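Scroll down for the structure; my scribbles are underneath it.
Numbering (this note's numbering), first residue to last: 31 to 208.
Laid out in structure tokens, this is it:
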């Protein structure tokens, strides 16, 4: 079986993409070596080395119109072949999108964790004072705050800040671990 000139040119470009087409005869020995390696002597084993392997490629049932697993050889209709090829193309696109989404989610999660960790460091014990800004005794929240009658102001209970921090520390730790 003779090897076509087009095949030789394709192999020349595969071996050296910058090669000039006129140098085909100069690289004939190298190209013939590749042809023998890939397709047998003079390309005579193309059927067994390429086409038989190609025909035996397994096609999963999800990629077939009749929902039955098959081989590429048995896809005897162009519609079946197109469906299988589009299925695999869509699967590749879906996997690529899932990887991109996962990377974006990880970046966002890392940024959120860093932001929350920075906010937690900047927060001081007296940050709860904004919760106790009532100016009248009946509006002062007695569970978190104390009413100072002399100064007529609502103040955070001293123990409330510590309790609040003690409650939030394990929650923050658990969030950071996840």
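Glycine included, each C-beta is placed from N, C-alpha and C at the ideal position. Small disclaimer: the values here were computed from a predicted structure and weren't measured.
Quick one: residues in its chain with C-beta nearer than 7 Å to the C-beta of residue 169, no 5 flanking neighbours on either side, listed in chain order? Taking the chain shown and counting its residues from 1, one reaches residue 169 at position 139. Answer for residue 169: no residue qualifies.
Over what stretch of residues does the alpha helix (DSSP H) that includes residue 185 continue unbroken? As a working note, residue 185 is residue 155 in the chain shown. Here residue 185 belongs to no alpha helix (DSSP H); instead the beta strand (DSSP E) covers 183-186.
Is the Cβ-Cβ distance between residue 103 and residue 85 less than 8 Å? As a position in the chain shown, residue 103 is number 73, starting the count at 1. As a position in the chain shown, residue 85 is number 55, starting the count at 1. Yes; because the gap between Cβ atoms is below 8 Å, this pair is in contact.
Residue 45 vs residue 64 beta-carbon contact at 8 Å: Counting from 1 along the chain shown, the entry for residue 45 is found at position 15. Counting from 1 along the chain shown, the entry for residue 64 is found at position 34. Contact: yes.
Proximity winner among 166, 174 and 109, relative to residue 180 (alpha-carbon distances): Taking the first residue of the chain shown as 1, we reach residue 180 at position 150. The option with the nearest alpha carbon to residue 180 is 166.
Under 8 Å between C-beta atoms of residue 187 and residue 178: Translated into positions along the chain shown, residue 187 becomes position 157. Translated into positions along the chain shown, residue 178 becomes position 148. No.
DSSP-derived helix/strand/coil call for residue 142: If you number the chain shown from 1, residue 142 lands on position 112. Residue 142: helix per DSSP, three-state reduction.
Nearest neighbour of residue 61, chosen from 79, 41, 76 and 87 [CA to CA]: By one-based count along the chain shown, residue 61 stands at place 31. Nearest C-alpha to residue 61: 41.
What does the Cβ neighbour count give for residue 128, buried or exposed, with the cut at 16 atoms within 10 Å? Translated into the one-based positions of the chain shown, residue 128 becomes position 98. It is exposed - the Cβ of residue 128 has fewer than 16 other Cβ atoms within 10 Å.
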